[in-house]
Structure formats: structure tokens, C-alpha cells
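A.B. asks: Heads up: the sequence shown runs through residues -18 to -1, 1 to 111, numbered per mature numbering (1 follows the signal peptide of the UniProt record, and there is no 0).
All C-beta atoms, glycine included, are put in the ideal place defined by N, C-alpha and C.
Model, not experiment: these values are computed from the prediction.
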Amino acid sequence: MERVLMSSVLVLISFCTGFDGRSQAAALSPPTVQVKVGDNITLQCPLLVNASSSVSWYRKWSGRRPQLLLTVATPTNSSDVTHSARVLVAADGSLRLRRVDFSDSAVYYCAVNDDSLKMMSKLRSPGRH
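(1) Among Ala55, Ser87, Leu70, Lys42, which has the Cα closest to the Cα of Val19?
(2) Beta-carbon separation of Leu79 and Ile23 under 7 Å?
(3) State the start and end residues of the unbroken beta strand (DSSP E) segment that holds Ser35.
(4) Given this structure, state the Cα-to-Cα distance separating Ala73 from Tyr40, to the nearest angstrom.
(5) Is Ala8 buried or exposed, if buried means 16 or more other CB atoms sit within 10 Å of its CB?
(6) If you compare alpha carbons, which of Phe84, Ala93, Ser35 is closest to Asp21?
(7) Considering only residues of the same chain and omitting the five flanking positions on each side of Pro48, which have a CB-CB separation below 6 Å?
(8) Checking the sheet assignment: what are the DSSP bridge partners for Val54?
(9) Of all the options Ser35, Val89, Thr53, Arg68, which has the alpha carbon lying nearest to the alpha carbon of Asn95?
(10) Does the beta-carbon of Ser44 have 16 or more other beta-carbons within 10 angstroms, so that it is buried, or is it exposed?
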């Protein structure tokens, strides 16, 4: 029997905030992704709309402050940026987690910043509450 990550369903919820401080919700597709222990997963940052934007990825475990995984000043279509052997940001700004395990169960955030836009996306994994 395959061992399935208990918090295997990732629910993607987006909160967008502009300079005016108003919040908007963005529909994301697909809204859920199932992950098994040992699988690889790519988490898209739907707010990355400008090639000159910087993207930051954060991870937050329950009861702790968010941890910055990495920031990519300008994602390009030419190379990936590696955080560790298991975590990288792809050239398109998406977060790739390799060989996921239980310690990857967390809330993931992507933040996008450019001169005309500041937004944040929240990805929630309902494992550790």
C-alpha cells in the first residue's frame, strides 16, 4: 500500500492586494492538488504577470512565523534558482518541491513585487494546525 501524505490535499487560495489596500480574490486552477510522499510538486504563483517582477516564496508551519525560502529578482525563461536539493524556483517563478515528505506540510506563500503591482498569493496545506 502506498503511503499517502496525510495532508496531501493542497488548497490554493489567493489574496491579491494592490497599493490602494483593497483585497481581491483570484480564481485559481486547479484549486486542489493531491501529493504523495516522495512525489514532486510544482506550485504556480498565479500573480506573476510581469517578466520584470521579483517573486519570493515563503513557508509557514503552524505556530511559527513565515520562513523565506528564496527570492528571485527577475525570473527568466532560461534557468532555475536552487534553494536546496529539494526546493527550487523554476524559470517561470513557480516553486518546485522534490520528493515531498511530511515536513513539507505547511502554508506556502508567493509574493510578487514590481514597480506597478504588489500582490500576495497564499497556498495552504491543511496538515499541521
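C.D. replies: In this structure, then:
(1) Ser87
(2) yes
(3) Premise fails: Ser35 is in no beta strand (DSSP E) and is neither H nor E.
(4) 17 Å
(5) Summary for Ala8: the model assigns pLDDT 40, below 50, so the residue's position carries little reliability, and this model does not support an answer.
(6) Phe84
(7) Tyr40, Lys42
(8) Val37
(9) Ser35
(10) exposed
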